[in-house]
Ligand code: GDP
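Residue numbers (the working numbering): 3 to 298.
Shown next, in the form of structure tokens:
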């Protein structure tokens with residue numbers, strides 16, 4: 003279910019409840035079940051939805067509803083607050099400072115949009131007067147370096163990589179060292195993704211992190227991966243200390259629920275979303291406007 007449809011389904015469930023002459027537990031439950039179904043179809047993890055339902059039941063007082071208060075508003079507000087709570091892990095992510103070298107390592111599965119997102123992130127900061135640089139530590143995927151090089155050249159961002167060297171840890175360390183010497187203030191390390199979660203990938207991420215000492219590790223997730231989001235995010239979090247999330251492909255047929263799962267699994271905030279294939283299709287993520295849009 004795409005985001006706009008989720009808002010519509012929730013609104014319909016609330017409307018049906020408002021139309022009932024008496025709001026008793028049964029009517030409230032029916033409404034919450036309807037909302038639960040809508041959230042599950044939008045790929046919000048089952049456990050999150052179940053907890054949310056329990057919390058809403060605790061918050062929403064049936065006597066208040068019976069007393070003629072605006073039922074729709076009370077429940078909608080409770081849902082809004084619960085969704086915001088899931089998306090806000092309570093602590094902001096590391097924020098790089100202009101003029102001071104920061105190393106930002108990107109992790110995520112192949113095809114998640116990681117390489118594209120590295121350039122978008124660099125380009126976004128370059129426009130704001132930063133001096134970013136890109137390091138290609140993906141020696142696994144043939145063509146990864148060419149792709150990064152092409153993107154970097156288009157955006158006039160310095161890059162580092164190798165066609166010959168097969169050790170990603172070495173490339174990452176060399177690239178970071180070089181760009182520190184060149185006084186770049188945002189050194190972005192793109193890593194390998196492989197096709198699936200596998201031990202070798204996580205070991206490689208651990209070693210690249212050890213060699214580059216990143217100030218921030220960003221987990222990149224494709225918004226269309228559905229219910230797999232929680233496990234995938236958690237698997238990366240176990241090998242490297244993920245501190246922020248970027249959700250890609252939020253344009254088109256994107257489902258929004260995976261974002262909630264990724265935050266819950268990594269206990270890290272979503273900082274940007276990707277909204278297209280182009281360099282500037284990249285937006286700062288803000289919890290409240292996102293949830294407002296979600297609820298329609
Ligand atoms: P990687 O394997 O994780 O490095 O993924 P890539 O950066 O190569 O991206 C895989 C595909 O997803 C490419 O065709 C990108 O153009 C596309 N892509 C990346 N981000 C977005 C996005 O936000 N929206 C859309 N529609 N496509 C994206």
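Even glycine gets a Cβ: it sits at the ideal position worked out from N, Cα and C.
Can you tell me which of the three DSSP states residue 287 falls into?
coil
Please state the DSSP three-state secondary structure of residue 186.
coil
Between which two residues does the alpha helix (DSSP H) carrying residue 38 extend?
27-43
Would you say the beta carbon of residue 281 is closer than 8 Å to some non-hydrogen atom of ligand 1?
no
When the Cβ atoms of the stretch 235-242 are set against those of the stretch 202-218, are three or more pairs found closer than 8 Å?
yes
Per DSSP, which residues does residue 162 bridge with? Please list them.
137
Which full runs of the alpha helix (DSSP H) of 4+ residues lie inside the stretch 68-151, going along the chain?
73-89 and 116-129
How about residue 251: is its Cβ closer than 8 Å to a heavy atom in ligand 1?
yes
At the level of alpha carbons, what is the spacing between residue 79 and residue 147?
47 Å
For residue 110, the nearest candidate out of 61, 232, 75 and 182 (CA to CA)
232
Comparing alpha-carbon positions, which option in 63, 39 and 53 lies nearest residue 26?
63
Expressed to the nearest angstrom, what Euclidean distance is found between the alpha-carbon atoms of residue 95 and residue 293?
20 Å
Between residue 192 and residue 247, what straight-line distance do the alpha-carbon atoms span, to the nearest angstrom?
14 Å
Would a C-beta distance cut-off of 9 Å place residue 235 and residue 223 closer than the cut-off?
yes
Spell out a yes or no on whether the stretch 138-157 and the stretch 104-124 are touching, meaning 3 or more CB-CB pairs, one atom from each, closer than 8 Å.
yes
Coil, strand or helix - residue 252 by DSSP
coil
Candidates 144, 136 and 201, of which the one nearest residue 175 by Cα:
136
Does the beta-carbon of residue 191, which I'm using as the reference point, lie nearer than 8 Å to any heavy atom of ligand 1?
no
CB-CB length for residue 228 against residue 260, believed under 8 Å:
7 Å
Is residue 140 close to ligand 1? I mean its beta-carbon at under 8 Å from any heavy atom of the ligand.
yes
Pull up the DSSP beta-bridge partners for residue 238, would you.
According to DSSP, residue 238 bridges with nothing at all.
What do you get for residue 118, buried or exposed, if any count of 16 or more other CB atoms within 10 angstroms of its CB means buried?
buried
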